[in-house]
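Under the UniProt record's numbering, the first residue of the sequence shown carries the number 1, and numbering increases by one thereafter.
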Amino acid sequence: MAANDAELLERINRNKEKRKKYKAVIKVIDSNRLNQSRSSDMSSTESFVDSNREKVQTMEMTNAYDYLDTLSSKLKTDLKDIDTYIDFAKDSIKSIQDLHETLESKKRSLDDKISDDVDKYNDGKMLWERELKGDGLFG
């Protein structure tokens, strides 16, 4: 085996290991459906918050009882907290979707590099000496 072949095999195996790690993370994200849009999930929570905001405004307009002022201010604080949680959830979902997209892109890039290196390695080799492009018989 030529030195160039050894370098190619080392690079192929290193890239296959990286690709395997990317695939594992992508699989976890996909299996938990974290890469799918969750805007409909958040819309029900947002409509709940909006509905309660309207109720707070109604309470503020009706200054008949002192305890309504206390309840109104408590609800305002709680609604701000819920808004913070909603923003956090949206940011988290977006980050996971961006990670998924980045990993898919890196995996495709590695697929191309592996394919090119395997083609170079297999050039002029007998069938039984050839390297596979995938992770195994079916990869």
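We put the CB at the ideal spot given by N, CA and C, even for glycine.
Values in this document were obtained by computation on a predicted structure and should not be read as measured data.
Buried or exposed: where does residue i fall if 16 or more other Cβ atoms within 10 Å of its Cβ makes it buried?
i: N15; result: buried
i: R33; result: exposed
i: D117; result: buried
i: L8; result: buried
i: M126; result: exposed
i: Y65; result: exposed
i: G139; result: For G139, the predicted structure reports a pLDDT of 48, less than 50, and the residue's modelled location is therefore unreliable. The matter cannot be settled from this model.
Verify whether the separation of the beta carbon atoms of residue i and residue j is less than 8 angstroms.
i: E129; j: I12; result: no
i: I26; j: K107; result: yes
i: L110; j: K18; result: yes
i: L68; j: T62; result: yes
i: K133; j: S105; result: no
i: Q97; j: N35; result: yes
i: E60; j: S72; result: yes
i: A6; j: M42; result: no
Quick one: which unbroken alpha helix (DSSP H) runs of 4-plus residues sit fully inside the UniProt region "Disordered" (35 to 55)? Chain order, please.
Counting only unbroken stretches of 4 or more residues, no alpha helix (DSSP H) element lies wholly within the UniProt region "Disordered" (35 to 55).
Quick one: any contact between the stretch 46 to 55 and the stretch 74 to 90, if contact means 3 or more CB pairs under 8 angstroms?
yes
Along the chain, which unbroken stretches of the alpha helix (DSSP H) at least 4 residues long are found entirely within the stretch 81 to 110?
Listed in chain order, there is nothing to give.
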